[in-house]
Amino acid sequence: MLRQASTILPIRASRAGLHEFTNEVLDFVAGSGIRDGLLTIFCRHTSASLLIQENAAPAARRDLEAYFERIAPEGGAYEHDDEGPDDMPAHLRAALTTTQLSIPVKDGKPVLGTWQGIFLFEHRRNTPEREIALHLIGE
Amino acid sequence: MLRQASTILPIRASRAGLHEFTNEVLDFVAGSGIRDGLLTIFCRHTSASLLIQENAAPAARRDLEAYFERIAPEGGAYEHDDEGPDDMPAHLRAALTTTQLSIPVKDGKPVLGTWQGIFLFEHRRNTPEREIALHLIGE
Amino acid sequence: MLRQASTILPIRASRAGLHEFTNEVLDFVAGSGIRDGLLTIFCRHTSASLLIQENAAPAARRDLEAYFERIAPEGGAYEHDDEGPDDMPAHLRAALTTTQLSIPVKDGKPVLGTWQGIFLFEHRRNTPEREIALHLIGE
């Protein structure tokens, strides 16, 4: 019998950059009792985003952060800077990555590959608390 | 009782760039009678794309447009230009953003954050009419 | 009556770059017997990604490949290079494109536009076999 579960997960990164929250997502799926279905993760913000990336190598994480700092830098000639110099680069980095991820669930777990972790990509230096909507449909 | 609703939404941007259509999406969800579920928005084109972004600041919108014009410029040394100088940059900008968005729906509305709007990112100057497929599953 | 189907599709690109697998996806949908619903395609890797792009013009494909080679080049000053010079650029190109695609299904087929094909974007030169998770919910 197909059914749904959903929640809002509050997350606060300790600093700007990639913040893994795979375990919180696994807990939600396990707690739902749904074993097979489709999980959706949605970031309710335009200055933070989501990324599935390498969960093992801290150097890969640092390179990813440095890369996005370089291609969407602070100090560009932006018109919009209502909230400071990290405001517009945050929107650009969010646009280049993603606001939403959907992952099939099998046997009570998202079918992530061995090296895949789920990350909040926090683009603001003041790291506000973020709301991540989780939705699961299945049986 | 879970069920589905779907439609094809025709959209034409008045000029190349970001064109908000959040209201059209809200109307579809409200009209479906489905209160809780998962909404999917799919762009049936490779030279236009989708983006969830800041819906309040026109300056942020202009900065986003200028940014993608800069990192995937017209006049690059492209091999493919069957449909003119804005052809290949359109495909690149679509590849850098997204073709599809899924958003959980709660109490009859997508759980967008306060500042999030849903945009068609039109990359062609002649702004053809676009088809956006909408799908909703829930109850 | 809503139901689900899922599988793991093994794919191996013959070389780094864009490798179309639209037909394999169409076969999965047709074989499921589900006529209307939501299809999700998920790449279980962090050094390969997914892209919906122009399926007709080989020149557009070559331009896309050249573009991502240029904006996330080998030989950048990366800290992470455990698996060689194409290791970190692979993660960056995956982050700039997407790990997951969802497409509404109507009358037994994903509602792709006329020119849209589904591609594995292989970022490693040794082109390992990749696992693509497919999930379909509908009726």
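Chains as they are written, first to last, in the numbering used here: chain A, 4 to 142; chain B, 4 to 142; chain C, 4 to 142.
Here a beta-carbon is modelled for each residue, glycine too, at the ideal position from N, C-alpha and C.
Environment of residue i [buried if 16+ CB atoms lie within 10 Å]
i              : result
M91 (chain B)  : buried
T117 (chain C) : exposed
E57 (chain B)  : buried
S17 (chain B)  : exposed
T49 (chain A)  : buried
R1 (chain C)   : In the structure as shown, chain C begins at 4 and stops at 142. Residue 1 (chain C) is therefore absent and cannot be evaluated.
I11 (chain B)  : exposed
A78 (chain A)  : The sequence as given places Gly at residue 78 (chain A); Ala does not occur at that position. Under this definition G78 (chain A) is an exposed residue.
G145 (chain A) : Given that chain A is displayed from residue 4 to residue 142, the structure contains no residue 145 (chain A) and the question cannot be resolved.
A59 (chain A)  : exposed
Beta-carbon neighbours of residue i, restricted to chain A and to distances below 7 Å
i              : result
K109 (chain B) : S9
Residue i and residue j closer than 8 Å at C-beta
i              : j              : result
L67 (chain C)  : H22 (chain B)  : no
G141 (chain A) : D39 (chain A)  : yes
I37 (chain C)  : V108 (chain C) : yes
A80 (chain C)  : L99 (chain C)  : no
I121 (chain C) : I14 (chain C)  : no
R6 (chain C)   : A136 (chain C) : no
T101 (chain B) : T25 (chain A)  : no
Best match in the options for proximity to residue i [C-alpha to C-alpha]
i              : options                       : result
L54 (chain C)  : C:A136, C:L104, C:W118        : C:L104
T130 (chain C) : C:L99, C:H138, C:E86, C:A63   : C:E86
R128 (chain B) : B:L5, B:S9, B:E72, B:G111     : B:E72
R65 (chain A)  : C:E82, C:A62, C:A51, C:A63    : C:E82
S9 (chain B)   : B:Y70, B:A62, B:L41           : B:L41
A51 (chain C)  : C:F124, C:V28, C:L137, C:E134 : C:F124
A63 (chain B)  : A:A63, A:A69, A:D84           : A:D84
I106 (chain A) : A:A19, A:H126, A:L139         : A:L139
H126 (chain B) : B:V32, B:K112, B:M4, B:P88    : B:P88
V28 (chain A)  : A:E132, A:K112, A:R133        : A:K112
D20 (chain A)  : A:V32, A:R133, A:A69          : The identity of residue 20 (chain A) in the sequence shown is Gly, whereas the question assumes Asp. The candidate whose alpha carbon is nearest that of G20 (chain A) is A:A69.
V32 (chain B)  : B:D110, B:R133, B:M4          : B:D110
E134 (chain B) : C:E132, C:Q119, C:P61         : C:Q119
Cross-chain neighbours of residue i in chain C, by beta carbon under 8 Å
i              : result
H94 (chain B)  : Q56, E57, A63, D66, L67
L115 (chain A) : R47
Chain-ordered chain C contacts of residue i [CB-CB under 7 Å]
i              : result
S105 (chain B) : S105
L99 (chain B)  : L99
L5 (chain B)   : L5
Amino acids of chain B, ordered along the chain, whose beta-carbon sits closer than 7 Å to that of residue i
i             : result
E82 (chain A) : A62, R65, D66
Where residue i meets chain B, residues with beta-carbon distance less than 9 Å
i             : result
D85 (chain A) : A60, A62, A63
Review point. Going along the chain, which residues of the stretch 40-58 of chain C sit with their C-beta nearer than 9 Å to a C-beta in chain A?
Key: L41, T43, F45, C46, R47, H48, T49, S50
Exercise for review: Below 7 Å between beta carbons is the criterion; list the residues of the stretch 21-39 of chain C that meet it against any residue of chain B, in chain order.
Suggested key: D39
Point to revise | Contact set between the stretch 130-142 of chain A and chain C, restricted to residues whose Cβ is under 8 Å from the partner | key: I140, G141, E142
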